[in-house]
Amino acid sequence: MMDLNNEISSLEEDIQDFNIEKDVRTSLKTQEELDKLTVDESLNDIERAVFLLSTGQEVQCISVVRNLSYLLTGWQNECIRRVIPKVKELLHTAGSEIQIAATEVFTTIAKEEILPTSLYTQHFLRTIITNINTKDPLTSQAWLDTLVAVINYLPRETVRREVLGLAIAKGQLSQSTASRLSCCSILGAVASKFDANVVKKDIVHTVKQLCQDVEHNVRACMCAHLHAIALALGAEETKKSILEEALELAGDEETQVREAAMDAILNMTPLLDDESLLQNVVPLVCKFCDQAIHHEDSTLLSVAKNFGRFTHDLSGNFNKEQHTWLLSMYRYLCMVGRTPVDSDVEALGDVVQLPVDPSLSALPHSSNSSDTSPEKLEAYSECRRQCSYNFPALVTFCASNAFESELLECATKLCTDPDVMIRKHFAAGFHEVAQTLEANAYLIQPLLVLLLRERFVPGVLEACLRRLPDTLTAVIIRGNLADNKVNGVSEVIAALLAAISRLEQQWPCSWRALEVVVTHLRRLPDVLTSDHIYYKFVPVVFKLLTTNRYLPVREAAACTICVFIRHNRKMDQRREMCDRLIQDLCYSRNYRNRLLFFVACRHMMVLFSRTFFKENLFEHVLKLFFDPVANVRLCLCKILPSLKALLKLPRDRSLHGQLETNVRKLLSSEKDRDVSCAIRQAILELDRTEVAMESLTQFPMLDVDLQDQRKEEEEKLLIAQEEKTKDEDARSLKSHGSGHSSSSFSKSMAKDKKSKKRNSSMTLSTNARINGSKDKEKSKSVQNFSSSAVPGMISQKGGIINDSVPGTSLSALYNMANTNAPSHNSRNLANHFSHSSYLSGTNPAVHGPSTALGHKSPHYQALTQTRSSQSASNPGAFVSSLSSHQQTSQTGSSASSTNAKSTRKLDRRKTSASVFQSTTNSFDVNTPFESRARRGSAGSTSSGGSGGHGPKSSVTGRRKPSLPGSPTGTAARMSKSKSSAGNR
1 MMDLNNEISS LEEDIQDFNI EKDVRTSLKT QEELDKLTVD ESLNDIERAV FLLSTGQEVQ
61 CISVVRNLSY LLTGWQNECI RRVIPKVKEL LHTAGSEIQI AATEVFTTIA KEEILPTSLY
121 TQHFLRTIIT NINTKDPLTS QAWLDTLVAV INYLPRETVR REVLGLAIAK GQLSQSTASR
181 LSCCSILGAV ASKFDANVVK KDIVHTVKQL CQDVEHNVRA CMCAHLHAIA LALGAEETKK
241 SILEEALELA GDEETQVREA AMDAILNMTP LLDDESLLQN VVPLVCKFCD QAIHHEDSTL
301 LSVAKNFGRF THDLSGNFNK EQHTWLLSMY RYLCMVGRTP VDSDVEALGD VVQLPVDPSL
361 SALPHSSNSS DTSPEKLEAY SECRRQCSYN FPALVTFCAS NAFESELLEC ATKLCTDPDV
421 MIRKHFAAGF HEVAQTLEAN AYLIQPLLVL LLRERFVPGV LEACLRRLPD TLTAVIIRGN
481 LADNKVNGVS EVIAALLAAI SRLEQQWPCS WRALEVVVTH LRRLPDVLTS DHIYYKFVPV
541 VFKLLTTNRY LPVREAAACT ICVFIRHNRK MDQRREMCDR LIQDLCYSRN YRNRLLFFVA
601 CRHMMVLFSR TFFKENLFEH VLKLFFDPVA NVRLCLCKIL PSLKALLKLP RDRSLHGQLE
661 TNVRKLLSSE KDRDVSCAIR QAILELDRTE VAMESLTQFP MLDVDLQDQR KEEEEKLLIA
721 QEEKTKDEDA RSLKSHGSGH SSSSFSKSMA KDKKSKKRNS SMTLSTNARI NGSKDKEKSK
781 SVQNFSSSAV PGMISQKGGI INDSVPGTSL SALYNMANTN APSHNSRNLA NHFSHSSYLS
841 GTNPAVHGPS TALGHKSPHY QALTQTRSSQ SASNPGAFVS SLSSHQQTSQ TGSSASSTNA
901 KSTRKLDRRK TSASVFQSTT NSFDVNTPFE SRARRGSAGS TSSGGSGGHG PKSSVTGRRK
961 PSLPGSPTGT AARMSKSKSS AGNR
């Protein structure tokens, strides 16, 4: 209770402190200060500038100096006569802020060429040269940078007269160190203004003198400008005059000079011939790298930074041994500062496992992290960062066929490094690596999966997604990932979906990266099939379209869906995506989704032909005229002229009339002020929009009409290709089904003959009785055609194709095999067509085809209907009946038992009549016919079939089974019945 009272009392004291009036007079300016800051408003700009430069405070003077270019543009003569002298006078005693402001405005005046060269030289260039000798180092360096910048905008004669002599004078040994440093910078700038003779005559001597200066920072500064002097001299003079100095400085005792000399040599390599590179540069590079690795000084970071330039600029000058040594050294640099067994590498698992390179044993091992200082560890980390940045250059240096053995392990180490920047650099250059590997790009598929599954920092994932289309094209298409690695494409798809989910849920603030990846999904039709996109990415993009909080992401999703619809190769999937787009946006209860529908419509107008838009979207857009939200109607008014431009009279007279009617209704009934104004403006634009007219005469087509015609032809071609694919699949199924049915029918006939042999002892009264019974038995064997004769076939009962599993009804197309039958006795056509299975993991042979929403397609329903009666009289009728059912959609799936029985009786009668008719038309009963027979072991002729299995039936020949209704089989049976009657 006491604690509560204390808290209340302290709170009251705090409230009282807030109520105390503050004395704000200390923050106000005095009257004298206000008078100083007050300027007469009647003064013009020039007079005001002169007044402020004379009596104003420092902040006012800075404002005048920064606006000097404006004064020169408007009042050039007055500004030069009155303002510039005041500025020069002010610079002698001004502080650093005014000095730096003056350097900036002097550079701007030179770049924009506000003054002629003579006036600039007289009033500004000499002021710049004078202020270079300022005692303040920061101000002096600012004026020096200004002089170097304005030299490029001055004529050659002015530079030679005003600047060159000054630079040579500053480079003398008697001058101060700061003067000699400024000489190095000025010589590097003026060298580009003169030809080789002037440079050789006037500049080279001073350059050599500065390269031999006693101060190491002067030598390093001169090395930084050797490249510009070499460009002015040319290749021949560079080899004679500059290369020797650079090679000597590369062996300097100071690390700063060695690093600058190595940079200068690398910059000069395009000017050197192969002989100079082989004899001088290549040995120097190898020595420089070897010393840096063994000493581990500051040059180690320089080696890692320039390693890409070593391998790129000198790639054709290294021999095989040097090539191998450089790769081993790079592998060492990628591991410097890391423990031999890193935890994140263990987390990699069995994605990539390569043996440790034995060539690394010749190099010194990096120290353990526990024995090194934080500064040393940071240097090692920076070294690995530079190696990660240069990795694409190393892949180019290493042949693509040697990448797996030389650099794949390094890539894995860099991709799994604990330092974030290392992984980010590697991800940023991953697309270059994939494009360089070409056919071997499939090797880095595990690394792509690792980068897409980044769990810690969104920056790494953003760097990988920035060039995702190029990466996927290189890995999947050029690398032929589907053939080179099992489930490679599926792993990439799963990782990409995981990246999208992580950006949406785990890192919602990284919506820009999500927008980038959704935009890049438009390139998926180039690398993935329509089924991959439809079943994996379309649901995800639709979810982003309707549920994401950020409008740029939703707009990108709308455009991506339109691209998916455009490039999908299946009509049913295109129709379903289009219907869902309309349902989720146009008829959504959320008005923001209805606003997004107009964005989708604009993309559809660009991607599709006018005919497609009018058939699928036009009428849905018109329904938004009656939307209760004013913003929706406001956006509708903006799209009306585009809708009218799609029409073509007189074909689209109905749509044109609906558009005009709805516009009139909206104009007369609209109460919102903004929408009313927008519809009036839209009516004016509609009046200016011309409607195309159909004509019998041919006129030259505009570019817009040609593009629309090309789009419409592509849409028709897409439909034609789909129909062609369906026809090819149907023919393939028919050929497989015919072979399967003929084989099954042969086995059925064999069983029929066995049954007749067992019943041959039975006597019949008349020949008609014998013939009738055999025709009836033959018709029955054809109609049964059941799985009892052939394992894996479908049984037919009551005219409906039923599966062996109770409660399920499958089509013959997707259930041609019995899972319980041995594999060597049945042929599984469903597995033969397994390429048509969907990506969701379901097998069409078990579940039948389905749509993305899980509904059975009309073709699947048609396959489960009653068979045609022609299968009894035609050997290939089984497959042809399936084809006819696929082409004809039926609404009913069953009939009454009475109608089914009468239909089967009628079919059997028709079959018997057709068989008998074909027999009588083909053969004469009185024609002698010698049937093929076999003899038993006792030499007696057997009149049975070909299937005797008793001990007396030593088979010496086998009669070929005959098809039902064939002349051979019918005549043989008729002759057999006559002979049996004669015996009786």
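Here the sequence shown is numbered in UniProt numbering, starting from 1 and rising by one per residue. Note that beta-carbon positions come from the ideal geometry of N, C-alpha and C, so glycine has one too.
Taking a 10 Å sphere around the C-beta of Asp-213, we find 16 or more other C-beta atoms and assign the residue as buried. The straight-line gap separating the alpha-carbon atoms of Glu-253 and Glu-215 is approximately 12 Å. Boundaries of the alpha helix (DSSP H) around Ala-393: 391-397. In chain order, Glu-162 place their CB closer than 8 Å to the CB of Arg-126, counting only its own chain and leaving out the 5 sequence neighbours on each side.
Put simply, the backbone Cα of Tyr-550 is about 16 Å away from that of Ala-600. At the C-beta level, Asn-480 and Tyr-442 come within 8 Å of one another. Judged by DSSP secondary structure, Ala-292 falls within the alpha helix (DSSP H) whose first and last residues are 282-295. Annotation: the continuous alpha helix (DSSP H) that includes His-425 extends over 420-428. Sequence-distant Cβ neighbours of Asn-267 in its own chain, meaning closer than 6 Å and more than five residues away, are His-227. A check of alpha carbon separations from Ser-388 across Asn-131, Cys-415, Ser-405 identifies Cys-415 as the nearest. The beta carbon of Ser-182 sits closer than 7 Å to the beta carbons of Ile-132, Leu-144, Lys-170 from its chain, once the five residues preceding and following it are set aside; these are given in chain order. With the rule of 3 Cβ pairs closer than 8 Å, the stretch 613-623 does not count as touching the stretch 724-737.
Leu-243 and Ile-265 have their alpha carbons spaced roughly 8 Å apart. If you look at Asp-584, you'll find it isn't in any alpha helix (DSSP H); DSSP assigns it neither H nor E. The three-state secondary structure of Ala-730, taken from DSSP, is helix.
In this structure, DSSP gives Met-701 a state outside helix and strand, which the three-state scheme calls coil. About 7 Å separates the CB atoms of Val-336 and Arg-384; that is less than 8 Å, so the two are in contact. Counting C-beta pairs closer than 8 Å gives three or more between the stretch 454-474 and the stretch 518-525, which meets the contact rule.
Here Ile-8 is exposed, its C-beta having fewer than 16 other C-beta atoms within 10 Å. Apart from sequence neighbours up to five positions away, the residues of its chain that approach Ala-191 with a beta-carbon distance below 7 Å are Val-199, Ile-203, Ala-228, Ile-229, Ala-232, ordered along the chain. The shortest C-alpha to C-alpha distance from Glu-296 to any of Ile-151, Ser-241, Glu-375 is the one to Glu-375.
By the Cβ test, the stretch 704-712 is not in contact with the stretch 662-677, since fewer than three Cβ pairs between them sit closer than 8 Å. Out of Leu-166, Leu-643, Asn-590, the CA that lies nearest to the CA of His-603 is found in Leu-643. Counting C-beta atoms within 10 angstroms of its own C-beta, Ile-719 has fewer than 16 neighbours from the protein chains shown and is therefore classed as exposed.
A Cβ-Cβ distance of about 5 Å is found for the pair Leu-452 and Ala-499, placing them in contact under the 8 Å criterion. When C-beta atoms of the stretch 113-120 are compared with those of the stretch 94-102, fewer than three pairs fall below 8 Å, so the two segments do not count as touching.
Listed as beta-bridge partners of Met-693 by DSSP are Leu-649. Judged by DSSP in its simplified three-state form, Gly-479 adopts coil rather than helix or strand.
Around the beta carbon of Lys-193, 16 or more other beta carbons lie within 10 angstroms, which makes this residue buried. In the DSSP assignment, Tyr-120 falls within the unbroken alpha helix (DSSP H) covering 117-120. Between the C-alpha atoms of Ser-302 and Arg-478 there is a straight-line separation of about 35 Å.
In this structure, the beta-carbon distance from Val-516 to Leu-465 falls below 8 Å. Taking each of Arg-258, Met-571, Leu-544 in turn and checking the Cα distance to Thr-560, the smallest one comes out for Leu-544. Here Ala-196 has Ala-232, Leu-233, Gly-234, Glu-237 as same chain residues with Cβ atoms under 8 Å from its own Cβ, once five neighbours each way along the sequence are excluded.
Pairing Val-150 with Thr-107, the inter-Cα distance amounts to about 6 Å. Residue environment analysis places Gln-31 among the exposed positions, since fewer than 16 neighbouring C-beta atoms fall within 10 angstroms of its C-beta.
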